[in-house]
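Here the structure is laid out as structure tokens; the discussion comes afterwards.
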Amino acid sequence: MTEVFLCASRRTPIGRYGGALASLRADDMAAHVIDGLLDLHPGLVVDEVIFGCANQAGEDNRNVARMAVLLSRLPESVPAMTVNRLCASGLDAVICGARAIRDGADVIIAGGVESMTRAPFVMAKPDTAYGRAPQMFDTTIGWRFVNARIAAAYGVESMPETAENVAADHGISRVDQDAYAVRSQSRYDAGWHAADILPVTLTARKGEALVVQLDEHPRATALEKLSALPAPFRADGTVTAGNAAGLNDGACAMILASATAVKRYALQPIARLGQADSAGGAPRVMGLGPIAAQGRLSARTGLTPSDFDVIELNEAFAAQVLACTRAWG
1 MTEVFLCASR RTPIGRYGGA LASLRADDMA AHVIDGLLDL HPGLVVDEVI FGCANQAGED
61 NRNVARMAVL LSRLPESVPA MTVNRLCASG LDAVICGARA IRDGADVIIA GGVESMTRAP
121 FVMAKPDTAY GRAPQMFDTT IGWRFVNARI AAAYGVESMP ETAENVAADH GISRVDQDAY
181 AVRSQSRYDA GWHAADILPV TLTARKGEAL VVQLDEHPRA TALEKLSALP APFRADGTVT
241 AGNAAGLNDG ACAMILASAT AVKRYALQPI ARLGQADSAG GAPRVMGLGP IAAQGRLSAR
301 TGLTPSDFDV IELNEAFAAQ VLACTRAWG
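Just so you know, this note's numbering puts 309 at position 309 of the sequence shown, and the rest follows in order with no gaps.
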């Protein structure tokens, strides 16, 4: 099987909702990180750009990956596509890129972009000639325009509510969730991913340049402080703002390359991408898909979690991460 290598990565700082990156469009953020990769390897010939994006309801509509290519220094002849697997959209972009290389491509730029701040309100058109009760939704997060049959069969619980279901079903306590959140913040403070940050220069209100180079969302905290936060999603709940993901803005991208491209462009491989799989699950326990996906992958390849040096797992809620990692032993 053709080997696929991850050779470089760049990301914007992660801006909090309404924060430093609030004025920056999703396509501009995506173009920024693409250009950051081209700065590292100016002679790189890119076969395709693949980005994940979960919203696609506003400025990120109509193939935001292609818009990013047109805004970047890549030639307009480079094709692009946008994939949507919600929280796993960026991961899926990488998987699609790896498959493209195994099909004969040499260099793929894969990544993800999201501006939750700039996600628009959307309104449905009435289904009668003079309807006066249109539905309106904030597309920042959550369900919208739900099919009544889906609602009847599966319900429409919010993501925090599904995290509460995961915690209850898997016996994951509030203490365990808060402890994991502290551990995650500590790892951030240790600078595990700081080298990937590509600063963003914005124009401030008075015209001066404003350079954003630090993540806004992470904040050092102690277990005692987290334990004092309310659990607003359920009367006896365990999910809080401290052990759940926030609303953020940002973009990231990486170079995926074949062995031939690694030699041609003198790239430095960081990792070799193995095989991948995906699996659906019950909507009431969002986030447990990786457990079933790993099972499918293991059945197909014989590989177990211990065979991988790094497992990339979307960290949406501490309850969800703990449920997955415990299932893997």
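For glycine and all other residues, C-beta sits at the position ideal for the given N, C-alpha and C.
Task: Boundaries of the beta strand (DSSP E) in which A209 is found, first to last residue - done: 209 to 212
Open item on the list: Measuring only the C-alpha atoms, how far is V107 from C7?
Closed with: 10 Å
Task: Residues of its chain near T240, where Cβ-Cβ distance is below 6 Å and the 5 sequence neighbours each way are ignored - done: L229, A231
- [ ] Over the uninterrupted beta strand (DSSP E) stretch that includes D138, give me the two end residues.
- [x] 136 to 138
Task: Expected contact under 8 Å - CB spacing of A319 and I172 to nearest Å - done: 5 Å
Task: Cutoff 6 Å; reference P199; Cβ partners in own chain excluding five residues on either side - done: V211, Q213
TODO: Tell me where the alpha helix (DSSP H) around A22 begins and ends.
DONE: That residue, A22, is in no alpha helix (DSSP H); it is neither H nor E in DSSP.
Task: Option in S72, Y130, L288 with minimal Cα separation from D39 - done: S72
- [ ] Can you check the region 257 to 327 for any beta strand (DSSP E) of at least 3 residues that lies completely inside it and give the ranges in chain order?
- [x] 271 to 273
- [ ] Could you please give me the residues that DSSP links to V156 through a beta bridge?
- [x] Paired residues: none, contrary to the question.
TODO: Pull up the DSSP beta-bridge partners for N334, would you.
DONE: A query on residue 334 cannot be resolved here, the shown segment of the chain reaching from 1 to 329 and no further.
Task: Cβ distance (whole Å) where G155 is taken to contact R272 below 8 Å - done: For G155 against R272, the beta-carbon gap comes to about 41 Å, at or over 8 Å, which does not count as contact.
Task: Complete runs of the alpha helix (DSSP H) confined to the region 46 to 105 [at least 4 residues] - done: Within the region 46 to 105, the complete alpha helix (DSSP H) segments at least 4 residues long are 64 to 71, 89 to 102, listed from N- to C-terminus.
Task: Rounded C-alpha distance that separates D35 from R132 - done: 47 Å
TODO: Flag this pair as yes or no: are the beta carbons of D196 and R16 separated by less than 9 Å?
DONE: no
Task: Neighbourhood of N165 by C-beta, 6 Å cutoff - its chain only, sequence neighbours within 5 removed - done: Taken in chain order, the residues that qualify are R284, V285.
Open item on the list: So, under 8 Å CB-CB, G287 and A316 are touching, yes? Tell me the CB distance rounded to an integer number of Å.
Closed with: 6 Å
Task: Own chain partners of I291 with C-beta closer than 6 Å, once the 5 adjacent residues on each side are dropped - done: C324, A327
TODO: My understanding is that A65 touches T82, with C-beta atoms under 8 Å, so please give their C-beta distance in whole angstroms.
DONE: 4 Å
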